Structures are given as structure tokens and as C-alpha cells.
Amino acid sequence: MDFAEKKIELKNGKEGILRAARQEDAEGMIALLKTVFGETTFLLRNVDEMSFTQEEERRILQEMLDAESEFMMLVQIEDEIAGNCAVMSKGGQRRVNHRCEFAIALKKEYWHLGLGGFMMEYALELAEKMGYEQMELGVVEGNDRAKALYERFGFEVTGKTPRAMKYDDGSYKDEYAMTKVFHR
Numbered sequence: 003m004d005f006a007e008k009k010i011e012l013k014n015g016k017e018g019i020l021r022a023a024r025q026e027d028a029e030g031m032i033a034l035l036k037t038v039f040g041e042t043t044f045l046l047r048n049v050d051e052m053s054f055t056q057e058e059e060r061r062i063l064q065e066m067l068d069a070e071s072e073f074m075m076l077v078q079i080e081d082e083i084a085g086n087c088a089v090m091s092k093g094g095q096r097r098v099n100h101r102c103e104f105a106i107a108l109k110k111e112y113w114h115l116g117l118g119g120f121m122m123e124y125a126l127e128l129a130e131k132m133g134y135e136q137m138e139l140g141v142v143e144g145n146d147r148a149k150a151l152y153e154r155f156g157f158e159v160t161g162k163t164p165r166a167m168k169y170d171d172g173s174y175k176d177e178y179a180m181t182k183v184f185h186r
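Just so you know, the numbering used here puts 49 at position 47 of the sequence shown, and the rest follows in order with no gaps.
This is the structure in C-alpha cells:
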């Protein structure tokens with residue numbers, strides 16, 4: 003889904019733009035993902051598992067842009083993609099059409115500048131306008147700042163998957179399911 007660009011001001015005074023990701027962003031998106039997968043253990047992939055080609059990424063970005071029930075948002079600061087988030091449908095079946103999933107990733111150099119909050123706020127606004135009634139996400143044990151951000155926006159812990167993430171060193175982390183209901 004395409005949507006209007008939104009200008010934001012970061013805590014450090016820099017300006018950014020929240021906008022829909024497009025095919026021409028494929029190279030920058032791949033660079034972003036390779037960076038963030040190497041900076042944190044709270045995401046699903048290791049950096050060596052990032053194998054999208056530019057052609058595959060362009061196809062994915064176009065599919066998200068063409069979709070009526072999903073979108074990929076990025077935050078651009080000057081000429082750099084600093085982060086992205088996605089809202090994805092839980093499925094086409096009527097019984098789950100009211101639900102969507104949320105995922106977010108930010109480069110470490112842009113943490114603590116308010117970007118996560120700007121992206122979350124705009125994603126929630128767009129998801130609600132799309133007709134979703136609730137948003138769901140997963141947050142890995144130990145990712146306390148992200149969990150606090152989600153709670154600030156009204157998400158509640160609705161469950162826990164033990165040993166959801168297994169790391170190369172053999173250790174595990176649990177994952178918390180969180181949900182925000184738009185209308186009660």
C-alpha cells in the first residue's frame with residue numbers, strides 16, 4: 003500500500019521522512035537489513051542468512067506497494083535508509099482479516115532518537131485506517147526498550163513462547179506475544 007510521506011524531527015534535531023518503500027529502494031533496504039541483522043540478536047535472522055538479491059527485494063517491495071492490506075514503511079534521513087517497519091495481514095480468511103502483524107528494524111546509530119515511536123505511531127494510524135482491529139507482534143526476551151515502546155503504545159503481553167530463538171552458541175531466548183486492540 004502506498005501512503006503519504008510524513009516529515010519528522012529526531013531528538014538530535016535532524017529531519018527524517020517516513021514513506022512507503024519502493025522498488026528503487028531495494029539496494030538501500032538490503033544494506034539496511036545486512037546492517038541491522040549484524041547489530042542485534044533480537045531479530046529473526048543472522049547477517050549470513052541475508053540472501054535477498056536486488057531483484058528479489060524489488061519484487062517484494064513492489065508486492066507490498068501493490069497490496070491493499072499490507073505496507074512497508076521506511077525512514078529516510080538525508081539519503082540514508084535508517085530503518086523500516088512493516089504491517090502484514092494475518093491472512094485472507096474472514097476470521098482473521100481483522101488482525102495484522104508488525105515488525106520493525108532500526109540501525110543502531112539511530113536508536114534513542116525517537117524513530118521507533120514515530121514509526122509505530124504512523125503504522126498504527128495507517129493500520130487502523132485500513133480497517134484492522136488489532137495489531138500483533140513478537141518481542142524477544144531482553145529487548146526491554148522495544149517492549150517498553152510497545153507498552154507505551156497500548157500493547158499488552160498476551161503470551162510467551164519459551165525457547166523461541168536459538169542462537170549459534172546453543173543458548174535460547176523466549177519471545178513474548180504482544181497485542182494492541184484498536185477498538186474494545
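Ideal Cβ positions, reconstructed from N, Cα and C, are used throughout, including at glycine. Predicted model, so just to flag it, every value in this text is computed and none were measured.
| said: Mapping the DSSP letters down to three states, classify G30 as helix, strand or coil. | reply: Note: G30 maps to helix in three-state DSSP.
| query | Thinking just about the alpha-carbon of each residue, which of A23, L63, L115 and M31 is nearest to the one in N14? | reply | Distances from the alpha-carbon of N14 to those of A23, L63, L115 and M31 put L115 closest.
| Nearest candidate by alpha-carbon position, reference N145, set M90, I10 and T43 | When C-alpha distances from N145 are compared across M90, I10 and T43, the shortest belongs to T43.
| field | Buried/exposed call for N48, threshold 16 Cβ in 10 Å | value | Exposed, because fewer than 16 other Cβ atoms sit within 10 Å of the Cβ of N48.
| Taking the continuous beta strand (DSSP E) assigned at F155, which residues delimit it? | In this chain, F155 is not harboured by any beta strand (DSSP E), its DSSP state being neither H nor E.
| request: Kindly give me the distance between the Cβ atoms of L67 and D27, rounded to whole angstroms, as I take these residues to be in contact under 8 Å. | output: Not a contact, Cβ separation roughly 10 Å.
| Taking contact to mean at least 3 C-beta pairs separated by less than 8 Å, is the stretch 136-152 in contact with the stretch 166-180? | Three or more beta-carbon pairs drawn from the stretch 136-152 and the stretch 166-180 are found closer than 8 Å, and the two stretches are therefore classed as touching.
| message | Quick check: the stretch 15-26 against the stretch 64-79, are at least 3 beta-carbon pairs closer than 8 Å? | response | As far as the Cβ criterion goes, the stretch 64-79 touches the stretch 15-26, which means the pair count is three or higher.
| message | Between the alpha carbons of I41 and E130, how many angstroms are there, rounded? | response | Before going on, a small fix: residue 41 reads as Glu here, not Ile. The straight-line gap separating the alpha-carbon atoms of E41 and E130 is approximately 31 Å.
| request: Return the Cβ separation of M31 and A23 in integer angstroms, given the expectation that the two are a contact with Cβ distance under 8 Å. | output: Confirmed, Cβ separation roughly 6 Å.
| said: How far does the alpha helix (DSSP H) with D68 in it extend, from its first residue to its last? | reply: Per DSSP, D68 belongs to the alpha helix (DSSP H) from Q56 to D68.
| field | Buried versus exposed call for Y152 [16 or more other C-beta atoms within 10 Å across all chains shown] | value | Burial call: buried.
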